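A.B. asks:
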Amino acid sequence: MQGFFAMFKTAVIGLVALILIAGNASLAQSTKDSEPLLTLDEAIQIAVNNNRPLKISNLEITKSQWQVKETKTKQLPAISTYLFGSEFLLPFSFQFDKGSLGTVDNQPVPSENKQITTNQQFSLYAAAQVAQPLSQLYQIHLAIREQELSVDMNREKARGQKETTVTDVKQAYYTILQTESSLQADAASIQQYQELLRVADQYLAQEATLKSDVLDVKARLAQERYKVFQLKDTLQTQKEQLNDLLGRDIRTAFHTEQVPAITPEEEDLQTAQQMALNSRPEIKQAEITVKQANYERRIAKSAYIPGIGLALHYVSPFNESPLIPTNILSAGVEMTWDPWDWGSRSDNVKQKTVSLSQSQYQLKEVQSQVLIDVDNRFRKLAESRILLTVAQASRDAAVEKLREVTNQYGQKTVLLSDVLKQQAAVASADSDYEQALLSFWLAKANFEKSLGED
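To convert, count from 1 in the sequence shown and add 2; that's our numbering.
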C-alpha cells in the first residue's frame with residue numbers, strides 16, 4: 003500500500019512538472035511572439051541604411067563628386083587681382099636731354115638738359131587679369147575624366163564596404179539562428195532528463211534502481227539547465243552585436259526566422275563564376291585603375307601642348323609719378339611653353355606607360371584570384387551542406403535510439419546507466435549538428451560575398 007502511494011505521489015509530482023514545463027514553453031513562445039520579427043532581408047536593408055562605416059564610405063563618394071565640380075571650374079575664365087602698396091627706399095631720377103622729346107615751334111623740348119627726381123611717398127599698384135584657357139581645355143577635360151573615375155572608384159569601394167557589411171549581418175544572423183537551434187535542442191534535452199528523473203524516482207521508491215543513478219540524472223539535468231542559461235546570455239549578446247551592425251539601439255528586441263534554401267548560383271559553378279566576374283568590386287576597381295592609368299598617360303602627353311589662351315590685363319598705379327600712365331588696359335593672346343625640358347616630359351610619359359601595363363596585368367591577376375576564391379567557396383559550401391546532412395542523420399539516429407532505450411528502461415529491460423550513456427550520445431550528436439549548421443551558414447555567407455552581388 004505504501005508503495006502504491008509512493009508511486010501515486012511521484013506521478014503527481016511528474017504531472018505537475020510537465021505542466022510547469024508546458025507553461026514555461028508557452029511563456030517563452032508568447033515572449034518570442036511579442037517581439038517584432040526581423041527577417042534577414044530586413045536586417046540587411048536596415049544595415050545598408052544605418053551602418054556607420056558604410057555611411058563614411060558613401061560620404062567619400064560625395065566628397066569626390068565635389069572634387070569633380072571643382073576641376074570643371076578650371077574650364078571657365080580665371081579672374082585674378084593684384085595689389086602692391088610700397089614706398090621707394092631711394093629716390094630715382096628721369097634724365098631728359100635737350101630736344102629728346104622733339105621740337106615745338108622749332109624749339110627743342112626740353113630746351114635744356116633736365117633731370118626729374120621722384121618723391122619718397124607711399125604708392126599703390128592695382129592689377130587685374132581675366133584669362134580664358136584655350137589649348138589647356140584638352141588637358142582640363144582629361145583631368146575631369148580622371149576625377150570622374152575617382153568617383154567610380156570610391157563608389158566601388160563603398161560597394162565593397164556594403165558587401166562586407168551585408169556578409170557581417172548574415173553571419174551574425176546565422177549565428178543567432180544556430181544559438182536558437184541549440185536552445186531548442188537543450189530544451190528538449192531538459193524535458194527528456196525530467197521525464198527520466200520522474201521514472202527513476204518511481205523505481206527508486208520501489209527500490210528498483212540505485213540512488214546514485216537518480217542523483218546522476220539530477221546532476222545532468224542541472225548541467226543542462228546551466229547550459230541553457232549560458233546560451234540565453236550568448237543569444238542576448240549576439241542580438242546586441244547584430245543591432246550594433248544595423249546601426250540602431252542595441253537593446254532593440256526582435257526574433258528571427260529560418261532562412262530559405264539554395265540559390266541557383268549554389269548549384270552551378272559556371273553561373274557563379276560569371277556573376278563574380280561581372281560584379282566583384284575588386285574587378286571593377288582594377289578596371290577603373292586601368293582607365294585611370296590611361297588618362298594619366300594622356301595627361302602626361304598633353305604637357306607637350308603649349309598653353310595658349312585669351313587674356314585681358316589692366317594695371318593702374320595710384321599716387322605715383324605723373325610720368326607713369328594711370329590706366330593701362332590691354333587684350334590679346336598669351337602663350338606659355340617650356341621649349342626645352344631636358345627630357346622630363348618624355349620620361350614622365352614612359353613612366354605612365356609602364357603604370358598602364360602594370361594596371362592591365364593587375365586586372366588579369368585580380369580576375370584570376372576572384373575565380374579561385376569563388377571556386378573554393380563553392381566547394382566549401384557543398385562540403386558543409388553534405389556535412390550538415392550527415393550530422394542531421396546522426397542526430398536523428400541518436401534521438402531515435404534514446405527513445406528506444408528510454409522505453410526499454412520504462413519496461414525495466416535496460417539499466418539507467420544505458421539511458422544516460424545514450425543521452426550523452428544525443429548531446430554529442432546535437433553538438434556536432436550545431437557546429438555543422440553554423441559552418442554551413444558561414445560558408446553560405448562567404449560564398450554569397452564571393453559572388454559580389456548587391
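For every residue, glycine included, the Cβ atom is placed at its ideal position computed from N, Cα and C. Remember, it's a predicted structure, so these values are computed and weren't measured experimentally.
May I ask you to report which of helix, strand or coil DSSP gives residue 213?
C.D. replies: Here residue 213 is taken as the residue at index 211 of the sequence shown, counted from 1. Three-state DSSP puts residue 213 in a helix.
A.B. asks: From 207, 274, 452 and 418, pick the residue whose C-alpha is nearest to that of residue 222; which is it?
C.D. replies: Position 220 of the sequence shown holds residue 222. Residue 222 has its Cα closest to that of 418, out of 207, 274, 452 and 418.
A.B. asks: Within the same chain, show all residues whose beta-carbon is closer than 7 Å to that of residue 220, passing over the 5 residues directly before and after it, in chain order.
C.D. replies: By 1-based counting over the sequence shown, the position of residue 220 is 218. The answer, listed in chain order, is 199.
A.B. asks: Going by DSSP, which residues form a beta bridge with residue 336?
C.D. replies: For this step, residue 336 is matched to residue 334 along the sequence shown. Residue 336 pairs with 311.
A.B. asks: CA-CA distance, residue 60 and residue 72?
C.D. replies: Taking the sequence shown and counting its residues from 1, the one referred to as residue 60 is at position 58. Taking the sequence shown and counting its residues from 1, the one referred to as residue 72 is at position 70. Using only the alpha carbons, I get a separation of about 19 Å.
A.B. asks: Between the C-alpha atoms of residue 355 and residue 296, what's the straight-line distance to the nearest angstrom?
C.D. replies: For the purposes of this step, residue 355 is taken as the residue at position 353 of the sequence shown. For the purposes of this step, residue 296 is taken as the residue at position 294 of the sequence shown. Taking the straight line joining both Cα atoms gives about 8 Å.
A.B. asks: Return the CA-CA distance between residue 240 and residue 252, expressed in angstroms with no decimal places.
C.D. replies: In the sequence shown, counting from the first residue as 1, residue 240 sits at position 238. In the sequence shown, counting from the first residue as 1, residue 252 sits at position 250. Taking the straight line joining both Cα atoms gives about 10 Å.
A.B. asks: With 16 as the cutoff for other CB atoms within 10 Å, does residue 385 come out buried or exposed?
C.D. replies: Sequence index remark: in the sequence shown, residue 385 carries index 383 (1-based). Counting Cβ neighbours within 10 Å, residue 385 comes out exposed, since fewer than 16 surround it.
A.B. asks: Whose C-alpha, out of 439, 365, 306 and 361, is nearest the C-alpha of residue 344?
C.D. replies: Residue numbering aside, residue 344 sits at position 342 when the sequence shown is read from its first letter. The shortest Cα separation from residue 344 among 439, 365, 306 and 361 belongs to 306.
A.B. asks: Are three or more beta carbon pairs between the segment 167–180 and the segment 310–321 nearer than 8 Å?
C.D. replies: no
A.B. asks: Just mark residue 425 as buried or exposed, buried being the case when its beta carbon has 16 or more other beta carbons within 10 Å.
C.D. replies: If you number the sequence shown from 1, residue 425 lands on position 423. Buried: at least 16 other Cβ atoms inside 10 Å.
A.B. asks: Drop a sphere of 10 angstroms on the beta-carbon of residue 235, count the other beta-carbons inside from all chains shown, and report buried for 16 or more, exposed for fewer.
C.D. replies: The residue given as residue 235 occupies position 233 in the sequence shown. When all chains shown are included, residue 235 counts as exposed.
A.B. asks: Can you tell me the Cα-Cα spacing of residue 133 and residue 334, whole angstroms?
C.D. replies: In the sequence shown, residue 133 corresponds to position 131, counting from 1. In the sequence shown, residue 334 corresponds to position 332, counting from 1. Going from the Cα of residue 133 to the Cα of residue 334 covers about 10 Å.
A.B. asks: In angstroms with no decimal places, state the Cα-to-Cα distance between residue 367 and residue 278.
C.D. replies: Your numbering for residue 367 matches position 365 in the sequence shown. Your numbering for residue 278 matches position 276 in the sequence shown. Distance between the alpha carbons of residue 367 and residue 278: 14 Å.
A.B. asks: Excluding the 5 residues preceding and the 5 following residue 118 in the sequence, name in chain order all residues of the same chain whose CB lies nearer than 6 Å to its CB.
C.D. replies: Along the sequence shown, one-based indexing puts residue 118 at 116. Correct list, in chain order: 96.
A.B. asks: Which of the three DSSP states, helix, strand or coil, is assigned to residue 119?
C.D. replies: Here residue 119 is taken as the residue at index 117 of the sequence shown, counted from 1. Residue 119 carries a strand assignment under DSSP once its states are collapsed to helix, strand and coil.
A.B. asks: If you draw a straight line from the alpha carbon of residue 397 to that of residue 261, how long is it in whole angstroms?
C.D. replies: Sequence index remark: in the sequence shown, residue 397 carries index 395 (1-based). Sequence index remark: in the sequence shown, residue 261 carries index 259 (1-based). Those two C-alpha atoms are separated by around 21 Å.
A.B. asks: How big is the Cα-Cα spacing for residue 66 and residue 154?
C.D. replies: Locating residue 66 in the sequence shown gives position 64, where the first residue counts as 1. Locating residue 154 in the sequence shown gives position 152, where the first residue counts as 1. Near 9 Å, if we compare the C-alpha coordinates of residue 154 and residue 66.
A.B. asks: Mapping the DSSP letters down to three states, classify residue 81 as helix, strand or coil.
C.D. replies: Stepping through the sequence shown from its first residue, residue 81 is reached at position 79. In this structure, residue 81 counts as strand in the three-state DSSP scheme.
A.B. asks: Just to confirm the assignment, what range does the alpha helix (DSSP H) spanning residue 283 have?
C.D. replies: On the sequence shown, position 281 is the one that residue 283 refers to. Start and end: 283–303.
A.B. asks: Does DSSP put residue 25 in a helix, in a strand, or in coil?
C.D. replies: Position 23 of the sequence shown, counting from 1, holds the residue named residue 25. Confidence is the limiting factor: at residue 25 the pLDDT is only 41, short of 50, which leaves the residue's position unreliable and the question unanswerable from this model.
A.B. asks: For residue 89 and residue 83, I'd like the C-alpha separation in whole angstroms.
C.D. replies: Translated into the one-based positions of the sequence shown, residue 89 becomes position 87. Translated into the one-based positions of the sequence shown, residue 83 becomes position 81. Rounded to the nearest angstrom, the two C-alpha atoms are 20 Å apart.
A.B. asks: Can you tell me which of the three DSSP states residue 412 falls into?
C.D. replies: In the sequence shown, the residue the question calls residue 412 occupies position 410. The three-state reading of DSSP puts residue 412 in helix, counting H, G and I together.
A.B. asks: Any idea which residues DSSP pairs residue 331 with across the strands?
C.D. replies: Your numbering for residue 331 matches position 329 in the sequence shown. Paired residue(s): 316.
A.B. asks: Tell me which residues share the same chain as residue 434 and place their Cβ nearer than 8 Å to its Cβ, disregarding the 5 neighbours each side in the sequence.
C.D. replies: Indexing the sequence shown from 1 puts residue 434 at position 432. Close CB contacts of residue 434 within its chain, under the 8 Å cut and outside five residues either way in sequence, are with 393, 396 and 397 (chain order).
A.B. asks: So is residue 446 buried or exposed if we call it buried at 16+ other beta carbons inside 10 Å?
C.D. replies: Stepping through the sequence shown from its first residue, residue 446 is reached at position 444. Flag for residue 446 reads buried.
A.B. asks: Is it buried or exposed, residue 87, if we count other Cβ atoms within 10 angstroms and call 16 or more buried?
C.D. replies: Residue numbering aside, residue 87 sits at position 85 when the sequence shown is read from its first letter. By the neighbour-count rule (16 or more Cβ atoms within 10 Å), residue 87 is not buried but exposed.
A.B. asks: With a threshold of 8 Å on Cβ separation, who are the neighbours of residue 54 within its own chain once the five nearest residues in sequence on each side are excluded?
C.D. replies: Indexing the sequence shown from 1 puts residue 54 at position 52. Closer than 8 Å at Cβ, skipping near neighbours: 249.
A.B. asks: Excluding five sequence neighbours on each side, which residues of the same chain lie with their C-beta closer than 7 Å to the C-beta of residue 380?
C.D. replies: Here residue 380 is taken as the residue at index 378 of the sequence shown, counted from 1. Taken in chain order, the residues that qualify are 271, 274 and 449.
A.B. asks: Near residue 452, which residues of its chain fall below 7 Å by C-beta distance, leaving aside the five closest residues on each side in sequence?
C.D. replies: Taking the first residue of the sequence shown as position 1, residue 452 is located at position 450. Only 278, 375, 376 and 379 meet the Cβ criterion.
A.B. asks: Should the segment 284–299 be called in touch with the segment 97–111, which here means at least 3 C-beta pairs below 8 Å?
C.D. replies: no
A.B. asks: Does residue 36 pass the burial test, meaning 16 or more other C-beta atoms within 10 Å, or should it be called exposed?
C.D. replies: Translated into positions along the sequence shown, residue 36 becomes position 34. Exposed is the call here.
A.B. asks: Counting Cβ pairs, one atom from each stretch, are 3 or more of them under 8 Å apart for the segment 403–414 and the segment 187–201?
C.D. replies: yes
A.B. asks: Can you tell which of 57, 429, 414 and 427 has its C-alpha closest to the C-alpha of residue 209?
C.D. replies: As a working note, residue 209 is residue 207 in the sequence shown. When each option's Cα is compared against that of residue 209, the closest is 414.
A.B. asks: Taking the CB atoms as reference points, tell me whether residue 159 and residue 44 lie closer together than 9 Å.
C.D. replies: As a working note, residue 159 is residue 157 in the sequence shown. As a working note, residue 44 is residue 42 in the sequence shown. It is not a contact, given that the beta carbons lie outside the stated cut-off.
A.B. asks: With a 10 Å radius around its C-beta and 16 neighbouring C-beta atoms as the bar for buried, classify residue 308 as buried or exposed.
C.D. replies: Mapped onto the sequence shown, residue 308 falls at position 306. Exposed, since its Cβ has fewer than 16 Cβ neighbours within 10 Å.
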